Structure formats: C-alpha cells, structure tokens
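A.B. asks: Add 102 to the 1-based position in the sequence shown for this note's numbering, that's all there is to it.
Structure in structure tokens, see below.
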Amino acid sequence: MINMEFSIYIKRDKEVSRKVIIAQKDNNDGYALILYQSNLEKSNNKFVAKYLPFSTINLENCKCYCNDIYGCLGLIYFRNEAFLILATQIENIGIVNCNCVYQIKKVTFISLNNDLYDYSLNKDNLNNKEVNHPCIELIQYLQRGSFYFSNNFDLTHSIQSKFNETENSLSYLETASNNFFWNKYILKEFLNFRKNLLDIEKEKLDKSGILLIAIQGFISINNVKTINDNYQICIISRLSCKNYNIRGIDNDGNTSDYIESEIIFSNDDCIFSFLQVRGSIPVFLKLSHEEQSQFKIELAQDIKSASTAFNRHFEKND
103 MINMEFSIYI
113 KRDKEVSRKV
123 IIAQKDNNDG
133 YALILYQSNL
143 EKSNNKFVAK
153 YLPFSTINLE
163 NCKCYCNDIY
173 GCLGLIYFRN
183 EAFLILATQI
193 ENIGIVNCNC
203 VYQIKKVTFI
213 SLNNDLYDYS
223 LNKDNLNNKE
233 VNHPCIELIQ
243 YLQRGSFYFS
253 NNFDLTHSIQ
263 SKFNETENSL
273 SYLETASNNF
283 FWNKYILKEF
293 LNFRKNLLDI
303 EKEKLDKSGI
313 LLIAIQGFIS
323 INNVKTINDN
333 YQICIISRLS
343 CKNYNIRGID
353 NDGNTSDYIE
363 SEIIFSNDDC
373 IFSFLQVRGS
383 IPVFLKLSHE
393 EQSQFKIELA
403 QDIKSASTAF
413 NRHFEKND
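If you want it as structure tokens, here you go:
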C-alpha cells in the first residue's frame with residue numbers, strides 16, 4: 103500500500119532564496135523531491151529539481167507543512183511566477199481491481215518564487231485570502247469534483263486495452279493515454295526530469311505516488327450482494343483532453359466532446375467490461391452566430407479536403 107500523504111518543507115538559505123522539499127510523511131527512509139531556483143537562473147525563471155534520500159537533506163531552518171498533501175499534479179507558469187499544484191483534499195471513491203480510486207476535492211497552488219501563497223498550506227490561516235490568488239479560476243476548475251486519480255491503477259485506459267498491453271513492465275507514467283491524461287502538459291517538466299533518473303530512482307519515485315495522473319469525467323463504484331456471490335459495478339467516463347471545447351474535428355483526427363464510458367462488472371472469478379464512445383461528428387465545422395440565441399453550423403472544409411483527418415479519426419478508434 104502506498105503511503106499517500108506527503109509533507110512539504112520550505113527552506114531559505116544563502117545559496118537559494120527558496121527551496122521546496124516534498125517528502126513522504128513519516129518515512130525517513132524514503133526519498134524527497136527538491137525544487138529550487140538558483141541565483142544564476144532567476145532571470146529566466148528556470149528551476150532545479152533533485153531526487154535525494156530524505157536522510158541526506160539538511161532540514162535546518164525549514165518550515166514544515168504536514169497536513170493533507172496527497173501528491174503533485176504539475177507545475178504552471180503565470181505572470182512570471184511558477185506555481186506547484188498539489189492535491190490537498192481527496193475522497194476515496196472505492197476500489198477497482200484491488201486499487202483505490204480517488205476524487206480530487208481541493209488543490210493548492212504554492213509559488214516557487216516567494217512565500218505569498220504559503221498560507222494555503224495552513225488550514226487555520228485560509229480566511230478569504232484564496233480569493234485573491236492569481237490562479238483562482240484554475241483552482242476552482244480543478245476543484246469542481248470532476249478529476250480523479252489512482253496511484254497504482256491506470257484510469258486513462260479501459261480494462262481491455264490494459265489486457266492488450268505488451269509492455270507490462272513500463273510505469274503507468276509512461277503508458278498513460280494522451281487522450282485522457284488531463285494534466286500531462288503541466289506535469290511534463292517532472293516527466294522529463296524522471297527520464298534522467300537512475301532506474302532505482304525511477305522505481306522509488308513511481309512507488310511513492312508523488313506524481314499524479316488525473317482524468318476528467320465521472321466515476322461511480324457500487325458493490326452488490328446476492329445470495330450466492332458479491333459483485334461490483336463500476337462506471338468510468340473519461341472526457342478527452344484533445345480538441346476540447348471546439349466543434350468538429352482537428353487535423354489529427356481528434357473530435358470535440360469525445361467521451362469514453364466504461365461499465366465494469368466483476369466478482370472474484372471474472373471481470374467484464376463494456377465500452378461506449380461518443381463525440382462530435384468527425385468533420386471540420388464552423389459555428390456562426392446569426393441572431394440572438396441562434397447559431398448556424400457550417401462545414402469549414404469540403405469532404406475531400408477533410409478526408410485525411412476523417413480517416414485518422416477512425417484509425418485511432420479502430
């Protein structure tokens with residue numbers, strides 16, 4: 103079982119103005135992820151990342167925040183600041199295929215540049231300060247209750263696609279589907295950092311659960327008891343992050359509003375999966391506003407010009 107809780111240590115020293123350390127809570131034998139900006143890199147807003155044994159880190163003059171930190175969703179740059187995105191409140195939805203699934207209820211954005219937003223790590227000091235956070239709209243979006251993750255179960259793939267995988271030894275961070283990996287863009291710097299680690303360090307990083315893969319959609323898990331057996335019915339709806347909020351299709355064959363809905367029915371002996379997909383019509387569309395509350399949909403390209411993207415769509419979903 104993964105120890106899901108993490109502690110955040112924030113340190114100031116002479117070499118760097120601010121250092122953020124993320125370590126597994128109550129695990130002094132584990133590793134820690136360290137992020138800081140060297141004095142030489144301040145002009146271009148670049149940061150240094152290290153993954154070191156926790157026992158080798160000097161925690162003198164560190165301020166520790168130990169409450170309700172469940173992993174990192176990524177890093178985002180906004181108005182010349184870098185914000186680390188942390189999941190700080192989650193709900194256990196249930197267990198699928200012996201793995202826990204969680205709904206993200208609350209996130210916290212802390213700056214790697216300064217301490218202006220450290221108050222969000224302390225529940226006792228929140229008050230109404232969060233309203234003034236520069237990323238408040240993104241915070242509210244991530245807290246809508248439509249994002250889910252699992253530390254050791256790949257929610258981005260259907261059950262059937264998991265059985266079809268040939269590279270079972272690869273990490274879920276390497277095999278996650280780009281179609282449903284919603285935070286891949288903001289997590290990419292950590293994924294690139296992971297590529298340069300030693301194999302043993304990669305394994306420790308993956309097992310720690312510090313880097314989260316989130317899907318957007320809906321998940322419901324229900325257990326059903328009968329006289330002779332116990333069953334589980336699970337519904338997973340995955341909303342694609344490709345071509346989001348745009349009508350029709352793009353050049354890569356991705357349609358808007360593409361949703362993959364999977365019903366999983368299982369007991370101790372077997373597992374069944376039924377998959378349905380829906381999405382916008384796979385042609386290039388243009389939406390024009392003619393009159394108040396009236397819209398007109400037109401083909402943006404002729405059928406011949408759109409055939410390449412059309413064929414790509416069905417090849418990808420074959």
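Note that CB positions come from ideal geometry on N, CA and C, so glycine has one too.
Nothing here was measured: the structure is a model prediction, and the numbers come from that model.
Does the pairing of the stretch 281 to 293 with the stretch 232 to 242 give three or more beta-carbon distances under 8 Å?
C.D. replies: no
A.B. asks: Could you tell me which whole alpha helix (DSSP H) segments of length 4 or greater appear in the stretch 225 to 297?
C.D. replies: 238 to 244, 261 to 266, 274 to 277 and 286 to 297
A.B. asks: Taking DSSP's pairing of strands, which residues face Arg380 in a bridge?
C.D. replies: Ile361
A.B. asks: Return yes when the Cβ of Thr190 is within less than 8 Å of the Cβ of Lys208, no when it is not.
C.D. replies: yes
A.B. asks: Suppose contacts are defined by Cβ-Cβ distances below 8 Å. Is Tyr250 in contact with Ile206 by that definition?
C.D. replies: Between Tyr250 and Ile206, the C-beta gap is smaller than 8 Å, which places the two residues in contact.
A.B. asks: Between Ile361 and Pro384, how many whole angstroms is the CB-CB distance? I'm expecting something under 8 Å.
C.D. replies: About 14 Å; that fails the 8 Å criterion.
A.B. asks: Within a Cβ cutoff of 7 Å, which residues of the same chain sit near Lys418, ignoring the five residues on either side of it in sequence?
C.D. replies: Gly355
A.B. asks: Helix, strand or coil for Tyr221? Go by DSSP, reduced to three states.
C.D. replies: helix
A.B. asks: Whole angstroms is fine: what's the gap from Cys168's alpha carbon to Lys327's?
C.D. replies: Using only the alpha carbons, I get a separation of about 39 Å.
A.B. asks: I need the straight-line Cα distance from Ile365 to Lys290, nearest angstrom please.
C.D. replies: 30 Å
A.B. asks: Between the stretch 189 to 204 and the stretch 303 to 312, can you find at least three pairs of beta-carbon atoms closer than 8 Å?
C.D. replies: no
A.B. asks: Give every residue of the same chain whose Cβ lies closer than 6 Å to the Cβ of Gly176, excluding the five residues on either side of it in the sequence, and list them in chain order.
C.D. replies: Ile187, Asn285, Ile288 and Leu289
A.B. asks: If you compare alpha carbons, which of Leu307, Ile197, Cys174 and Cys200 is closest to Thr210?
C.D. replies: Nearest option by C-alpha distance: Cys174.
A.B. asks: Which stretch, first to last residue, makes up the beta strand (DSSP E) that contains Ser213?
C.D. replies: Asn201 to Ser213
A.B. asks: Quick check on this structure: which residue in Ile323, Leu341, Ser339 and Arg340 has the alpha carbon closest to the alpha carbon of Tyr333?
C.D. replies: It is Ile323 whose Cα lies nearest to the Cα of Tyr333.
A.B. asks: Under the three-state reduction of DSSP, which class applies to Leu307: helix, strand or coil?
C.D. replies: In this structure, Leu307 counts as helix in the three-state DSSP scheme.
A.B. asks: Label Met103 either buried or exposed according to how many other C-beta atoms from any shown protein chain fall within 10 Å of its C-beta, with 16 as the threshold for buried.
C.D. replies: The pLDDT assigned to Met103 is 46, lower than 50, so where the model puts this residue is not dependable, and the model offers no usable value.
A.B. asks: Can Arg75 and Ile317 be called in contact, C-beta distance under 8 Å?
C.D. replies: Coverage of the chain is limited to positions 103 through 420, which leaves residue 75 absent and any answer about it impossible.
A.B. asks: Using a Cβ-Cβ cutoff of less than 6 Å, which residues in the same chain neighbour Arg136 once the five nearest sequence positions on both sides are dropped?
C.D. replies: Sequence check: residue 136 is Ile here, not Arg. Here the set comprises Ile123 and Lys152.
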